[in-house]
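Here's the structure we're looking at; comments come further down.
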Amino acid sequence: MRLLAAAAALLLAAAACAEDAGALLARYKAASGGARWDAVQAIASRGTLRAGGLSGPIATLEDLRGGRHASRYTLGRLEGADGYDGRTAWEQDPGGEVARLDGAEAMARARTEAWLTARAYWYPQRGAARYGAVTTREADGRRYAVVEATPEGGAAVALWFDAASGLLARTTQKVGQNVLTVRYEDWRAVDGVRLPFRSVSDRGDPRSRVEVALTQARLDPALHEADFAMPQAPASRARIANAAAVTRVPFELVNNHIYVRAEVDGKPVRLLVDTGGFNLLTPAAAKRLGLAAEGKLLAQGVGEKGGDVALAPARSLRVGDAVLERPVMYVIDLGALGAVEGLDFDGLVGFEMFSRFGVRIDYAQRELVLSEPAKFAPPAGARAIPFTLEERIPVIAGTLDGTPLRISVDTGSRASLTFHGPFARAHGLAERYGAAPESVVGWGVGGPSYGRPLRLGTLDLGGIDVPGIAADIFTGTKGSFANPDLDANLGGGVLKRFTVAFDYAQRRMYLAPNADFARPDLYDRSGLWLLGDGAALRVGAVAPQSAAARAGLRADDRLLAIDGVAVATRTLAAWRQRLRELPAGTRLAVRYARDGRAAELTLTLADQIPPPR
460 MRLLAAAAAL LLAAAACAED AGALLARYKA ASGGARWDAV QAIASRGTLR
510 AGGLSGPIAT LEDLRGGRHA SRYTLGRLEG ADGYDGRTAW EQDPGGEVAR
560 LDGAEAMARA RTEAWLTARA YWYPQRGAAR YGAVTTREAD GRRYAVVEAT
610 PEGGAAVALW FDAASGLLAR TTQKVGQNVL TVRYEDWRAV DGVRLPFRSV
660 SDRGDPRSRV EVALTQARLD PALHEADFAM PQAPASRARI ANAAAVTRVP
710 FELVNNHIYV RAEVDGKPVR LLVDTGGFNL LTPAAAKRLG LAAEGKLLAQ
760 GVGEKGGDVA LAPARSLRVG DAVLERPVMY VIDLGALGAV EGLDFDGLVG
810 FEMFSRFGVR IDYAQRELVL SEPAKFAPPA GARAIPFTLE ERIPVIAGTL
860 DGTPLRISVD TGSRASLTFH GPFARAHGLA ERYGAAPESV VGWGVGGPSY
910 GRPLRLGTLD LGGIDVPGIA ADIFTGTKGS FANPDLDANL GGGVLKRFTV
960 AFDYAQRRMY LAPNADFARP DLYDRSGLWL LGDGAALRVG AVAPQSAAAR
1010 AGLRADDRLL AIDGVAVATR TLAAWRQRLR ELPAGTRLAV RYARDGRAAE
1060 LTLTLADQIP PPR
């Protein structure tokens, strides 16, 4: 009886919420055109798009009966588009690459956007939704009636209605760790209905602000399937410049990162190969190459701070015989990443290359193989793992000791596996696996990344068991690893055990274990986060309760010699490897400089996490 009573109470509460929301939505409909909306099937609009200091024309089509929509725009010297065809959301980047946004979170957001486009809050037959209770809020000196709606299969969105006019004033929606706010302003009459002629969206940072100011809108234009269909990337802008349609490119493996020699506009560059990134140049490289960058947008990486990003069209990007014509390079200051890596490099090659070619990464042979899609062949004996795309990054399914994981695949990460903070907290991973204290565990565009190292049980990737990984839990509150929509990020520390291949056209990743598959995943035994600093190594951070902390080393100390060997005689990557591989208990004489004075101490290596079995 108690269960029946509770169920009845929930049903009554849901009905009351729906009734309150219904009254609110009816007032909005009356204020914006009333019954005239019943006959409206489509809306076409044109105006000006402004973002990141750039502007240009934008044209949008909305199908109110099916929720389909498409926008095509010019921003400065660049062109792009996005849309939803009734099944799939898509985006076309300024370089011409097209991304089918088929990840779970992207699809949920697309269904909600379709629900809003269809005005399904007035016409439930176009899309059902659950409603929360109506609340009253104040912001910017105005009062609003607010109700949260969750469309079927979609993401929750809060609708804010102006208390005075009854019109929809804004929507708010959680996107990853951010809140996307869209404000609707400048309502004007168009053929019997009222439409907002100005919309402003942002995610809490001025660099993420996007404004659309309409100059015209009309009702019921003729619609065609092609208006909303996902476009094809221009085939003429991507090619393998040889008869075999396959190119083999040697690479350097440094700190589990892949570096290739490439050319931008015929000039040499060194680029990091990154499934988690875009084609990117540092400001210094863009200047040296004579590229003119424009705009000021927001770049958010694994660090706590976001960076500025500008856009620079180039004539060509060439990796081996793989050529992208008229690419758009993102220009971002990578900060201290050169010192973090211990080598100079000019930027990244990312999604644009992976989306246009079949890609095989042979870690054992240090070879990158790019092919025309029709010539792509998986590695022999490889296991196929399907993936989807979230923010242009491949996402696969895996399990950790039986717990399901949604894992982004990131060749640009040096780590083995990094858990997103929300997932780790929800599953008590720090307690379950006895994580070490918080320390610097990585470095990205936004600066240092903090986490808690730990030794895992067994990670299952497409039926391949990978035991004893040295992983870390992200402990920050900002950056990509604070995103609750994904669970973990798979990096080079695990990927280097395989020959890895990507077929973006078929949404398949392939893993074939190589000779290093069974190697133990060692973890640093010094507690030092080291940075390149000329002929020395600078201590960027010291892990609490580590060997370095017990020895008395501090941040900004400059290491001059280790175990009688001048640090300048080895690369930073080689020193990191040595501090992983030497056994616990090894005593090392360290000569260092602090505040300009030289000193010596003994560093006794110790495990920060349990050693591999």
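Residue numbering for the sequence shown follows the numbering used here, starting at 460 and increasing by one per position.
Glycine included, every Cβ here is placed at the ideal spot set by N, Cα and C.
Cβ neighbours of residue i in the same chain (closer than 6 angstroms, five flanking residues each side left out)
{"i": "tyrosine 687", "result": "According to the sequence provided, residue 687 is phenylalanine. The question's tyrosine does not apply to it. Arg527, Ala529, Gly542, Asp544."}
{"i": "valine 723", "result": "Leu748, Ala773, Leu776"}
{"i": "glutamine 584", "result": "none"}
{"i": "arginine 1053", "result": "Asp1016"}
{"i": "glycine 916", "result": "Asp860"}
{"i": "threonine 533", "result": "Gly515, Pro516"}
{"i": "alanine 1130", "result": "Here the chain covers residues 460 to 1072 and nothing more, so residue 1130 does not appear."}
{"i": "glycine 736", "result": "Leu807, Gly809, Gly871"}
{"i": "alanine 467", "result": "Caution is warranted here: a pLDDT of 40 is assigned to alanine 467, below 50, making its placement in the model unreliable, and no coordinate value can be reported."}
{"i": "alanine 1010", "result": "Leu1060, Leu1062"}
Option nearest residue i by Cα separation, candidates the options
{"i": "arginine 842", "options": "Arg884, Arg505, Phe961", "result": "Phe961"}
{"i": "valine 499", "options": "Arg747, Arg559, Ala577", "result": "Ala577"}
{"i": "alanine 592", "options": "Ala1032, Leu618, Ala697", "result": "Leu618"}
{"i": "glycine 991", "options": "Pro832, Val799, Glu831", "result": "Val799"}
{"i": "threonine 936", "options": "Leu945, Tyr909, Ala874", "result": "Tyr909"}
{"i": "proline 838", "options": "Val719, Ala856, Leu970, Leu770", "result": "Leu970"}
{"i": "arginine 698", "options": "Gly986, Ala781, Gly586", "result": "Ala781"}
{"i": "lysine 955", "options": "Ala941, Ala977, Lys488", "result": "Ala977"}
{"i": "alanine 1033", "options": "Ala702, Arg568, Leu802", "result": "Leu802"}
{"i": "valine 669", "options": "Val652, Ala694, Gly651, Thr640", "result": "Thr640"}
{"i": "glutamate 1059", "options": "Gln1067, Ala1065, Arg1050", "result": "Arg1050"}
{"i": "glycine 600", "options": "Ile1068, Ala623, Ala964, Gly922", "result": "Ala623"}
{"i": "arginine 997", "options": "Met968, Ala565, Gly1055", "result": "Gly1055"}
{"i": "alanine 1065", "options": "Gln551, Met788, Pro907, Arg984", "result": "Arg984"}
{"i": "tyrosine 603", "options": "Ile866, Thr631, Ala703", "result": "Thr631"}
{"i": "glutamate 1115", "options": "Leu523, Val787, Ala703, Val925", "result": "A query on residue 1115 cannot be resolved here, the shown segment of the chain reaching from 460 to 1072 and no further."}
Sequence-distant residues of the same chain with beta carbon closer than 8 angstroms to residue i, five excluded per side
{"i": "alanine 588", "result": "Trp574, Ala579, Tyr580, Ala608, Thr609, Pro610, Glu611, Gly613"}
{"i": "valine 605", "result": "Val593, Thr594, Thr595, Arg596, Ala617, Leu618, Trp619, Phe620"}
{"i": "arginine 873", "result": "Asn714, Asn715, His716, Gly901, Gly950, Gly951, Gly952"}
{"i": "alanine 889", "result": "Ala883, Arg911, Leu913, Ile932"}
Rounded distance between the beta-carbons of residue j and residue i, thought under 8 angstroms
{"i": "valine 616", "j": "threonine 571", "result": "5 angstroms"}
{"i": "alanine 715", "j": "glycine 951", "result": "The amino acid occupying residue 715 in the given sequence is asparagine; alanine does not appear at that position. 3 angstroms between Cβ atoms; contact."}
{"i": "proline 979", "j": "glycine 927", "result": "7 angstroms"}
{"i": "serine 491", "j": "leucine 678", "result": "In fact, because the Cβ distance is near 13 angstroms, the residues do not count as touching under 8 angstroms."}
{"i": "arginine 819", "j": "valine 808", "result": "That pair is no contact at about 15 angstroms."}
{"i": "leucine 793", "j": "leucine 783", "result": "Not really, about 21 angstroms apart at Cβ, beyond 8 angstroms."}
{"i": "alanine 1007", "j": "glycine 1023", "result": "With 8 angstroms as the limit, alanine 1007 and glycine 1023 do not qualify as a contact, their Cβ atoms being about 18 angstroms apart."}
{"i": "leucine 520", "j": "leucine 682", "result": "7 angstroms"}
{"i": "glycine 999", "j": "leucine 1012", "result": "Not a contact, Cβ separation roughly 11 angstroms."}
{"i": "alanine 930", "j": "threonine 877", "result": "7 angstroms"}
{"i": "arginine 966", "j": "proline 845", "result": "6 angstroms"}
Neighbourhood of residue i by C-beta, 7 angstroms cutoff - its chain only, sequence neighbours within 5 removed
{"i": "phenylalanine 835", "result": "Gly817, Asp962"}
{"i": "glycine 840", "result": "Ala971"}
{"i": "arginine 726", "result": "Here the sequence assigns lysine to residue 726, which means arginine is not the residue at that position. Once the five neighbours on either side are set aside, the close Cβ partners of lysine 726 are Leu748."}
{"i": "glycine 887", "result": "none"}
{"i": "aspartate 561", "result": "Thr547, Thr847, Leu848"}
{"i": "leucine 463", "result": "With a pLDDT of 39 at leucine 463, under the threshold of 50, the predicted position of this residue should be treated as unreliable, and no value is reported."}
{"i": "cysteine 476", "result": "No answer about cysteine 476 holds up, because its pLDDT of 47 lies below 50 and its placement is not dependable."}
Cβ pair residue i, residue j closer than 8 angstroms
{"i": "leucine 508", "j": "glutamate 753", "result": "no"}
{"i": "proline 912", "j": "alanine 885", "result": "no"}
{"i": "threonine 958", "j": "tyrosine 822", "result": "yes"}
{"i": "arginine 642", "j": "serine 658", "result": "yes"}
{"i": "histidine 879", "j": "leucine 945", "result": "yes"}
{"i": "leucine 750", "j": "alanine 771", "result": "yes"}
{"i": "arginine 505", "j": "glutamine 675", "result": "yes"}
{"i": "leucine 868", "j": "proline 881", "result": "Note on identity: in this sequence residue 868 is valine, with leucine being the wrong assignment. Against a cut-off of 8 angstroms, the Cβ pair of proline 881 and valine 868 comes out as no contact."}
{"i": "phenylalanine 710", "j": "arginine 815", "result": "no"}
{"i": "tryptophan 496", "j": "methionine 689", "result": "no"}
{"i": "alanine 692", "j": "glycine 555", "result": "yes"}
{"i": "valine 638", "j": "valine 719", "result": "no"}
{"i": "isoleucine 791", "j": "valine 649", "result": "no"}
{"i": "valine 1026", "j": "leucine 1038", "result": "no"}
{"i": "glutamine 551", "j": "alanine 540", "result": "yes"}
{"i": "arginine 865", "j": "phenylalanine 804", "result": "no"}
Next on the checklist: Which complete alpha helix (DSSP H) runs does the stretch 562-640 hold, if anything under 4 residues is left out?
Outcome noted: 563-576
Checklist entry - Which ranges does the beta strand (DSSP E) cover as unbroken runs of at least 3 residues, wholly within the stretch 655-694, from first to last along the chain? => result 669-678
Checklist entry - Where in the stretch 788-870 do unbroken runs of the beta strand (DSSP E), each at least 3 residues long, occur, reported from the N-terminal end onward? => result 806-808, 817-821, 826-830, 842-845, 847-849, 852-859, 862-868
Checklist entry - Along the chain, which unbroken stretches of the beta strand (DSSP E) at least 3 residues long are found entirely within the stretch 931-978? => result 947-949, 957-962, 967-972
Checklist entry - Hey, which unbroken runs of the alpha helix (DSSP H) at 4 residues or more fall wholly within the stretch 880-906? => result 880-885, 888-892
Item to check | Secondary structure, beta strand (DSSP E): runs of 3+ residues fully inside the stretch 496-528 | outcome: 501-510, 513-522
Item to check | In chain order, each beta strand (DSSP E) run of at least 3 residues that lies wholly inside the stretch 978-1032 | outcome: 987-992, 995-1001, 1017-1021
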